[in-house]
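K.L.:
Take a look at this one; I'll ask things after.
Chains as they are written, first to last, in the working numbering: chain H, 358 to 472; chain D, 51 to 163.
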């Protein structure tokens, strides 16, 4: 298996532009997680899905952020409009299930820079 | 409230010496406990986990961790450190019925030759 796939790996955009980050989870995994990592705040859970349904989006910073999972093999995280403070590394992770003792497998991340 | 604490921002050890990275936690119910490692400019990699059973669990790259219920701790250990172990280490607990892991800011491990 190729592991969790994220694209793009790097994104540089200007303030006010729309940004879409993409994630393909490991085949057969039923849970998908979006995280954001910064030096100041560490690793933050933004939202997670179970069987394509959003379960907890309490970590989504504000309405500018939205996430979708239209099917079991694809998820997007969209920021519109983007702001410089959104600059961070965004990770997607998947696991067999959210509950229980299943480990999460992380993708390589998308480094977002908003100018 | 559910939380995790890694009291040391950085741990420095000499190559060949034993290392310990400390972790204490607070979760509701029976805990599931995980350790992850992050190398520079990479995603997090799973090292090991405690679910139930033997309190000493062994994981990747020679790492092990000991679950201590009374002290609510899950310290990461390795008998002999390598320079290549230098990375950021995260302890991540979760309550049994929860869906998400709880991450702290991690501990930076630096192993010098």
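By construction, the Cβ of each residue, glycine as well, lies at the ideal position given by its N, Cα and C atoms.
1. Kindly confirm or deny that the stretch 413 to 427 of chain H and the stretch 392 to 405 of chain H touch, where touching means at least three C-beta pairs closer than 8 Å.
2. Does any C-beta atom of chain H lie closer than 7 Å to the C-beta of residue 96 of chain D?
3. Span of the beta strand (DSSP E) holding residue 452 of chain H?
4. By DSSP, does residue 100 of chain D sit in helix, in strand, or in coil?
5. Is the Cβ of residue 418 of chain H closer than 7 Å to any Cβ of chain D?
6. Is residue 112 of chain D buried or exposed, if buried means 16 or more other CB atoms sit within 10 Å of its CB?
7. Tell me whether residue 118 of chain D is buried or exposed, calling it buried when 16 or more other Cβ atoms sit within 10 Å of its Cβ.
8. Less than 7 Å between CB atoms is the rule here; does residue 456 of chain H satisfy it with respect to chain D?
9. I need the boundaries of the beta strand (DSSP E) containing residue 366 of chain H, first residue and last residue.
10. Residues of chain H with a CB under 8 Å from the CB of residue 82 of chain D: which are they?
11. Express the C-alpha separation of residue 110 of chain D and residue 130 of chain D in angstroms, rounding to a whole number.
P.N.:
For this structure:
1. Three or more beta-carbon pairs drawn from the stretch 413 to 427 of chain H and the stretch 392 to 405 of chain H are found closer than 8 Å, and the two stretches are therefore classed as touching.
2. Chain H, which has a Cβ nearer than 7 Å to the Cβ of residue 96 of chain D, makes this yes.
3. It spans 445 to 452 - the beta strand (DSSP E) in which residue 452 of chain H sits, taken as one unbroken run.
4. The answer is strand: DSSP assigns residue 100 of chain D an E or B state.
5. By this cut-off, residue 418 of chain H is not an interface position.
6. Taking all protein chains in view, the Cβ of residue 112 of chain D is surrounded by fewer than 16 other Cβ atoms within 10 Å, so the residue is classified as exposed.
7. For residue 118 of chain D, the number of other beta carbons within 10 angstroms of its own is below 16, and it is reported as exposed.
8. Yes, residue 456 of chain H counts as interfacial toward chain D.
9. Careful: residue 366 of chain H lies outside any beta strand (DSSP E) and carries neither H nor E.
10. The answer, in chain order, is 457 and 458.
11. Their Cα atoms are separated by approximately 14 Å.
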